[in-house]
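> Here the sequence shown is numbered in UniProt numbering, starting from 1 and rising by one per residue. The beta carbon of each residue, even a glycine, is placed where N, CA and C say it ideally should be.
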Amino acid sequence: MGRQQLLSAAVALFALVGELLALAGGLFAFAFALDLDGAGALSPILVATGATAAVVLSLILVRSGAGAGALLSLSGLAPFAIFLIPYNNTGEKEPKKMAEYLVTGGTSFIASHVVKALLDLGHSVRTTVRDSSGTLFSHKDSEAWSNSFDLLVLKWPSPFPCGSFLSFRKDEEKVSFLWELKGAKERLKIHEADLTVEGSFNEAVFGVDGVFHIASRVSVCLNDNDLETLMESDVSGTRNLMNSCEKSRNTVKRIVLTSSSTSVRYRFDATKVSPLNESHWSDLDYCKRFKIWYGYVKTLWEKEAWKIADEKKLNLVVVIPSFCIGPILSPKPTSSPLVLLSIVKGVRGEYPNFRGGFVHIDDVVAAQILAMEEPKASGRIICSSSSVAHWSEIIAMLRAKYPIYPYETKCGSEEGRDMPHSLDTRKIRDLGFASFKSLAEMFDDCIKCFQDKSLL
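1) Can you tell which of V256, R130 and R249 has the C-alpha that lies nearest to the C-alpha of S378?
2) Buried or exposed for E393, going by 16 or more other Cβ atoms inside 10 Å?
3) Tell whether a beta-carbon distance below 8 Å holds between P275 and D424.
4) By Cβ distance, which residues of its chain are closer than 7 Å to E350, with the 5 residues on each side in sequence left out?
5) May I ask you to report which of helix, strand or coil DSSP gives R130?
6) From R380, R239 and T271, pick the residue whose C-alpha is nearest to that of A309; which is it?
7) Hey, could you find the ends of the alpha helix (DSSP H) R254 is sitting in?
8) When you compare each of S438, V103, E311 and S216 to T334 by their alpha carbons, which one comes out closest?
9) Between the Cα of A440 and the Cα atoms of Y405, V388, G432 and R429, which residue gives the shortest distance?
10) Determine the extent of the alpha helix (DSSP H) in which C287 is found, giving its start and end residues.
11) Opposite A377 in the DSSP bridges: which residues?
12) What separation, rounded to the nearest whole angstrom, lies between the Cα atoms of N353 and G416?
13) In whole angstroms, give me the CA-to-CA distance for T127 and S385.
14) Got a sec? Which residues, its chain only, sit under 8 Å from L284 by beta carbon, not counting five neighbours each side?
15) In angstroms, rounded to a whole number, what distance separates the CA positions of M242 and M98?
16) Counting only the same chain and skipping the five closest in sequence on each side, list residues whose C-beta sits under 6 Å from that of L181.
17) Helix, strand or coil: which one does DSSP assign to F206?
18) On the three-state DSSP scale, how would you describe P321?
19) Which residue or residues does DSSP assign as beta-bridge partners of S124?
20) Kindly indicate which three-state DSSP category H213 falls into: helix, strand or coil?
21) Can you tell me whether V197 is helix, strand or coil according to DSSP?
22) List the whole-angstrom C-beta distance separating E278 from I369, where the pair is believed to meet the contact cut-off of C-beta under 8 Å.
23) Helix, strand or coil: which one does DSSP assign to F268?
24) Tell me the DSSP secondary structure of A296 in three-state form.
25) Output the boundary residues of the alpha helix (DSSP H) element that contains K189.
26) Report the partner residues of H360 according to the DSSP bridge assignment.
27) Could you check where the beta strand (DSSP E) with A434 kicks off and where it finishes?
28) To the nearest angstrom, how far is the alpha carbon of S261 from that of S236?
29) Find the nearest neighbour of H360 within the set A371, I447 and R348, judged by alpha-carbon distance.
30) Quick check on the burial criterion: 16 or more other C-beta atoms within 10 angstroms. Buried or exposed for A396?
31) With a threshold of 7 Å on Cβ separation, who are the neighbours of I292 within its own chain once the five nearest residues in sequence on each side are excluded?
32) Return helix, strand or coil for I382, following the three-state DSSP convention.
33) In or out: K189 buried (at least 16 other Cβ within 10 Å) or exposed?
34) How far does the beta strand (DSSP E) with V388 in it extend, from its first residue to its last?
35) According to the neighbour-count rule (16 or more other Cβ atoms, all chains shown, within 10 Å of its Cβ), is E311 buried or exposed?
36) Rank F268, V103 and W281 by C-alpha distance to the C-alpha of H213 and give the top, closest one.
Listed below in structure tokens is the structure:
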């Protein structure tokens, strides 16, 4: 065999190997795109080797005048191009884009847990706090400006081009615990927003995929003189937020609003029509007769929220938790955990004459995320364990387990809050919700948290 024949045979063999390697690499690339085990490791090596062989061979053939052979050889690059399509420049598949959500009232009991859960799932999260000082940036932004402050405020207007940066020592304790959450430094942003200020939610809402509206100005209402103020505050705040959502309707797919079982259970016929479901509303005359102003305002507020959403054609889902209890994330308790702490320490003077449903904070958070992400979720969704209990029963249960604490011993004299009733949770279960945690679990978790934080 002559020298020219040997060269031709070598080139042919080289071409065959190159084509086979490139083809194998392309097939492995397809397998990798389909998530077939073991394909990802070989694919880059085979495709790169085959493609290199195809290029070298084409140059040899062009040099020798074999243009058609060069084109044939370059066809070995096709699998290489196929390999590039499904992957980013690291050789890995493009990761699924996680949603970005806004959670209003981020320092509150329920909202802080929702923020934590969303971060744990890998989402980017924005949350709002109400403060007159200015706007909080992401932790990453604050570190870029100063290592001496964990939290900084950008206050506008300012005579300086970048605004005036002020230390946020005043409310540092209030919000700093949020930065300690896993993933917060990378994926959490905190905005200033006031429910009473039109447009203050525009920036926080812009571009997010969904909104969890948990912030509320209504906490404790002592007399009917507060009714109009509290009602107007929350209704106008919800309208302000929904105005912002309307402006970002191209991205905001759903609003999940947190209501309360007080908008369901205060009725003259509560016992008779139990189990109470999503079609039931608290009777405003009942609330006024027994001076249950919190339930009165919450009922009117939720009805107004539905009216506003209908006017603006916004996708609204409402989660209706009962008395929510469990561990806290903030340094100090607020809302329902604070009620429990005062009862256990015996500093209230009496425990409420209250009978109602109770629910673990983890279950409320799971219900919130289900309401946001489940396409079939709609309307109102009751979230409560199967247990309806009186505070006297709760105290008896806790005293047996934790006898060292004084507890309240006197029952309050308020009326209208202790009627027997039950809550229907079939709707949330039909959406795929797992079982609710027990009374013992939710109160044990809360007591242990108080102990760990030296609150007890």
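To lay it out plainly:
1) Checking every option, the nearest Cα to that of S378 belongs to V256.
2) Label assigned to E393: exposed.
3) D424 is positioned such that its CB atom lies closer than 8 Å to that of P275.
4) The answer, listed in chain order, is E408, K410, C411 and G412.
5) R130: coil per DSSP, three-state reduction.
6) Check the Cα spacing between A309 and each of R380, R239 and T271: the tightest is with R239.
7) Counting along the chain, R254 falls outside any alpha helix (DSSP H), though it belongs to the beta strand (DSSP E) covering R254 to T258.
8) Looking at the Cα atoms, S216 is the closest of the given residues.
9) In terms of Cα proximity to A440, the closest of Y405, V388, G432 and R429 is V388.
10) First-last of the alpha helix (DSSP H) with C287: L284 to R289.
11) Per DSSP, none; premise fails for A377.
12) For N353 and G416, the gap between their C-alpha atoms comes out near 9 Å.
13) The straight-line gap from Cα to Cα measures roughly 28 Å.
14) Spatial neighbours of L284 in its own chain (CB-CB distance under 8 Å, excluding positions within 5 residues in sequence) are listed in chain order as Y296, T299 and L300.
15) Near 23 Å, if we compare the C-alpha coordinates of M98 and M242.
16) So the qualifying residues of the chain are K116 and L119.
17) F206: coil per DSSP, three-state reduction.
18) For P321, the three-state secondary structure derived from DSSP is strand.
19) For S124, the beta-bridge partners assigned by DSSP are E100.
20) Three-state result, H213: strand.
21) In this structure, V197 counts as coil in the three-state DSSP scheme.
22) At roughly 19 Å, the Cβ-Cβ gap does not stay under 8 Å, so E278 and I369 are not in contact.
23) Collapsing the DSSP output to three states places F268 in coil.
24) The sequence shown places Tyr at residue 296, not Ala. In the three-state reduction of the DSSP assignment, Y296 falls in the helix class, which pools H, G and I.
25) Annotation for K189: no alpha helix (DSSP H) segment contains it, though the beta strand (DSSP E) segment containing it runs L188 to E192.
26) I325, per the DSSP bridge assignment.
27) Taken as a continuous stretch (DSSP letters only), A434 belongs to no beta strand (DSSP E), as it is neither H nor E.
28) Here the alpha carbon of S261 sits roughly 22 Å from the alpha carbon of S236.
29) Relative to H360, the option among A371, I447 and R348 whose CA is nearest is I447.
30) A396 comes out exposed.
31) The beta carbon of I292 sits closer than 7 Å to the beta carbons of Y266, G416 and R417 from its chain, once the five residues preceding and following it are set aside; these are given in chain order.
32) Strand at I382.
33) For K189, the number of other beta carbons within 10 angstroms of its own is at least 16, and it is reported as buried.
34) Secondary structure note for V388: its beta strand (DSSP E) is the uninterrupted segment V388 to H390.
35) Exposed: under 16 other Cβ atoms inside 10 Å.
36) The candidate whose alpha carbon is nearest that of H213 is V103.
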